[in-house]
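First to last, the protein sequences are chains A and B.
Numbering-wise, the working numbering puts 238 at position 238 of the first sequence, and it's gapless, one number per residue.
All you need for the working numbering is the position in the second sequence, starting with 1, plus 1000.
Read through the structure below, which is laid out as structure tokens, and then see the notes.
2 protein chains.
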Amino acid sequence: MKDSAMYIPTYEDMLAAHERIAPHIRRTPIRTSAYLNELTGAELFFKCENFQEPGAFKVRGASNAVFGLDAAQAAKGVATHSSGNHASCLSYAAMLRGIPCNVVMPRTAPQAKKDTVRRYGGKITECEPSTSSREETFARVQAETGGDFVHPYNDPRVIAGQGTCAKEFVEQTDGLDLVLAPIGGGGMISGTCLTLSTLAPETRIIAAEPEQADDAYRSFKAGYIIADDAPKTIADGLLVPLKDLTWHFVANHVSDILTASDPEIIDAMKLIWKHLRVVMEPSSAVPLATILKNPETFRGKRVGIVLTGGNVDLDRLPWTL
Amino acid sequence: MKDSAMYIPTYEDMLAAHERIAPHIRRTPIRTSAYLNELTGAELFFKCENFQEPGAFKVRGASNAVFGLDAAQAAKGVATHSSGNHASCLSYAAMLRGIPCNVVMPRTAPQAKKDTVRRYGGKITECEPSTSSREETFARVQAETGGDFVHPYNDPRVIAGQGTCAKEFVEQTDGLDLVLAPIGGGGMISGTCLTLSTLAPETRIIAAEPEQADDAYRSFKAGYIIADDAPKTIADGLLVPLKDLTWHFVANHVSDILTASDPEIIDAMKLIWKHLRVVMEPSSAVPLATILKNPETFRGKRVGIVLTGGNVDLDRLPWTL
């Protein structure tokens, strides 16, 4: 097992990941909209990772970790702490391989998230909604089960897996001037950097972040990791801070980080629902929000946007709240 | 110009239509969901006609009519009466060819529908919301403009165009046991019959209809066209009655018509939004609603479902009303 705190995944790791996970993920389609092209003056390509069976790109990294385990470790399964898409995607991948998946989740997490993890066979251990309780609980679960810890993003296997999305994106579009993805912990952005810095070094990579959780933006400007305590934004997939591995990729390969306000994110989300006719979550709308806010940066360009996830509470859509 | 009241379109007309419209429409993708397969016990293939640029399969028939006009008629353009997807799709096709499109629409039609037609360059003439006013107004508009009347469904060019969807569906799935589509006036179902009766005669065709607008169901059982006065259902794309051409196909090639209640349609719509993560309108949910209601008919079968359209008011979703 490689040490996830030290090892920086390579382009070859990404290629191996793609071969490993191809039978278990979808090669998601690209959607375009003449209307949104006209509105932005750019040629926009949306990669629909919300169309993965469990609804998010995180199935790529999770599958790479799960299907890369040797038989002895696989028997003990995997473990993680997450209340979001990583928990359900890791459970889904573990279900496909038929191995245990233990998830530590705050007891306050939405019932729908718990239901999804359980539907995929994940076993939930609840903790209090605090960092200390989560860490204590997770240490206990891991000691009891021997499950391999798969971090939501700060893990080379996960980053190599997320990088497979950018490889498909290049193959499906014959090249892009820019690629935008939302940034939270930085897993998707890091995978994108990993792949494009070798495969398409001329393509600029821009991270898009909510103004109300702009720790990556401030880290990028400062030159070191800044982590916020408890940011609040409608883009609830993007609340976590950068870690050493993802900071490596952000610091070395990201061209810029742009931010958008929550109302701008909601407007962009509604535009995508209306004109692309896909269901995606607020976090995935941040890139379009930043394009609409900075039109001169994108006009006339071929722009790829990763629609990262599609798990949203249909009874509580942001524009109806 | 062929007489739309008499001429029954052929398989060759459909093939010619596909060649004519291919540059102007999308070859829409198929979506699947392991979860919905498990729920129904069937293998479901959803053809995403909601992903057409103007958001509905009707761009196929409209494009076939518009791009089939000779130069003299094209100069005078096209005309129709519709307050739904046909109006916007005909305007869109006319815009692509650069010819006039006149649409007669009740003044009470939703503002969003009028806005879409105008965005595509369609010229709206408003009438009172009555059949007599619509007919009078349309006759005047047609006399003034000389625009070629493109009926929303009772037109052989339109039916041949809609039939191109089933051709792609067969090509993309390697064959299906059953195909389901919603039925209103019967344009999509007729096109499906036209194509499959030659290309895949072993595939059964089932029409799905709202209980609250079940005139096609009653016509099918009675053996002649029954038209209702003003049916009311959440599936507002399916309010119109069969006409002679579509009745021909329904009577000769449809295996069965199944119905579902409005609450069942809304439940099915929400399932599709949640698990396929596509935005589609209530009318397009009727097939899945009938499958969930008649599981024994579909269990173990390969079932194609046409998601006919994706134009829905995001501020007034049926489960939030």
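Using N, Cα and C, we set each Cβ at its ideal position, and we do this for glycine too.
Specify the secondary structure class of residue i as computed by DSSP and reduced to three states.
i	result
B/T1116	helix
A/P9	coil
A/F57	coil
B/M1001	For B/M1001, the predicted model reports a pLDDT of 40, less than 50, meaning its position is unreliable; a value from the coordinates is still stated below. Residue state, collapsed to three classes: coil.
B/L1317	coil
B/D1267	helix
B/D1214	coil
B/L1292	helix
B/V1170	helix
A/I21	helix
B/R1140	helix
A/R204	strand
A/V278	strand
B/G1191	helix
B/N964	Nothing can be reported for residue 964 of chain B, as the shown portion of chain B is limited to 1001 through 1321.
A/A65	helix
B/I1099	coil
A/D70	coil
A/G163	helix
B/A1224	The sequence given here places Tyr at residue 1224 of chain B; Ala does not occur at that position. In the structure shown, B/Y1224 sits in coil (DSSP, three-state: anything other than H, G, I, E or B).
B/I1183	coil
B/P1287	helix
A/A16	helix
B/V1240	coil
A/A251	helix
A/I234	coil
Roughly how far, in whole angstroms, is the beta-carbon of residue i from the beta-carbon of residue j, given that I think they are within contact range, below 8 Å?
i	j	result
B/V1059	B/A1093	6 Å
B/G1300	B/A1042	7 Å
A/P241	A/D228	7 Å
A/L194	A/Y11	7 Å
B/Q1162	B/G1191	3 Å
B/A963	B/V1170	Only positions 1001 to 1321 of chain B appear in this structure, which leaves residue 963 of chain B out of reach.
A/S88	A/I21	Not quite, the Cβ-Cβ distance comes to about 16 Å (not below 8 Å), so this is no contact.
A/D262	A/Q212	6 Å
A/A181	A/A207	7 Å
A/A166	A/V179	7 Å
B/V1158	B/A1065	6 Å
A/G186	A/A216	7 Å
B/R1316	A/V278	The pair is not a contact, with the Cβ atoms about 19 Å apart (cut-off 8 Å).
Comparing alpha-carbon positions, which option in the options lies nearest residue i?
i	options	result
B/L1288	B/G1121, B/H1086, B/D1267 and B/A1216	B/D1267
B/E1038	A/L69, A/A17, A/A87 and A/Y120	A/Y120
B/R1218	B/L1199, B/T1198, B/I1183 and B/Y1011	B/I1183
A/A222	A/R134, A/T198, A/L239 and A/D256	A/D256
A/T164	A/L44, A/R27 and A/Y7	A/R27
B/V1141	B/G1068, B/M1105 and B/H1024	B/M1105
B/E1079	B/E1144, B/S1284, B/A1251 and B/K1232	In the sequence on display, residue 1079 of chain B carries Ala and not Glu. Taking only the C-alpha atoms, the option nearest B/A1079 is B/E1144.
B/W1273	A/D13, A/F45, A/P23 and A/G55	A/G55
B/G1309	B/A1016, B/E1136 and B/A1285	B/A1285
B/S1016	B/T1032, B/E1202, B/L1044 and B/G1068	The sequence as given places Ala at residue 1016 of chain B; Ser does not occur at that position. The residue with the shortest Cα to Cα distance from B/A1016 is B/G1068.
B/D1313	B/Q1111, B/A1230, B/I1265 and B/E1053	B/Q1111
B/I1226	B/K1243, B/P1282 and B/T1203	B/K1243
A/A175	A/R157, A/M188 and A/L196	Reading off the sequence shown, one finds Gly at residue 175 of chain A, where the question assumed Ala. For A/G175, the nearest C-alpha among the options comes from A/L196.
B/E1128	B/R1097, B/H1081 and B/L1090	B/H1081
B/N1085	B/N1311, B/L1321, B/P1318 and B/V1158	B/N1311
B/M1269	B/L1292, B/W1247 and B/L1258	B/L1292
A/R118	A/Q73, A/P100 and A/S130	A/P100
For residue i, which residues does DSSP report across the bridge?
i	result
A/F149	A/A79
A/E126	A/M105
A/V303	A/L44 and A/L178
A/I30	A/K47
A/G309	A/A56
A/T259	A/E209
Within the present structure, is the beta-carbon of residue i separated from the nearest heavy atom of the ligand SAH by less than 7 Å?
i	result
B/C1101	Although the ligand SAH was asked about, the structure shown includes no ligands whatsoever.
So is residue i in contact with chain E if we call contact Cβ pairs under 8 Å?
i	result
B/A1139	The structure shown contains no chain E; its protein chains are A and B.
inquiry  = Between the stretch 43-50 of chain A and the stretch 144-164 of chain A, can you find at least three pairs of beta-carbon atoms closer than 8 Å?
reply    = no
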